[in-house]
Amino acid sequence: PFILDSVGWAQYRAGNLARAQEYLERAYKTRPDPEIAAHLGEVLWARGLREEAGQLWQTSLQAHPQNEVLLETLRRLKP
Numbered sequence: 019p020f021i022l023d024s025v026g027w028a029q030y031r032a033g034n035l036a037r038a039q040e041y042l043e044r045a046y047k048t049r050p051d052p053e054i055a056a057h058l059g060e061v062l063w064a065r066g067l068r069e070e071a072g073q074l075w076q077t078s079l080q081a082h083p084q085n086e087v088l089l090e091t092l093r094r095l096k097p
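The opening residue of the sequence shown carries number 19 in my numbering; numbering runs sequentially from there.
Structural data, given as structure tokens:
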């Protein structure tokens, strides 16, 4: 799942949001890791799917309340 996460994040950074979402959803489905959730949520946010991103982050935050990558993503993007 971490390779899928890396490829998905690279796709996001290249501006290929739909492809990024595909890779990151596959990674998260395989392993619901908080860093993968942070990345997938950021892609969803960038695609305008803010409610879906918020739900994903909230679920991950409940299971991993101290994950720094997830917390930093929330600080940057959530109003």
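A virtual CB, placed ideally from N, CA and C, is assigned to each residue, including glycine.
In this text, all values refer to a predicted model and were calculated from it rather than measured experimentally.
Taking the alpha carbon of residue 62 as the reference point, which residue from 71, 56 and 22 has its own alpha carbon closest? 71
Residue environment, residue 76, which counts as buried when at least 16 other CB atoms sit within 10 Å: exposed
Let's see if you can read the secondary structure: which residues bound the alpha helix (DSSP H) around residue 57? 52 to 64
Return the first residue and the last residue of the alpha helix (DSSP H) that residue 31 is part of. 20 to 31
Is the beta carbon of residue 57 sitting closer than 8 angstroms to the one on residue 26? yes
Determine the contact status of residue 88 and residue 79, defining contact as a CB-CB distance below 8 angstroms. yes
Cβ distance (whole Å) where residue 45 is taken to contact residue 19 below 8 angstroms: 4 angstroms
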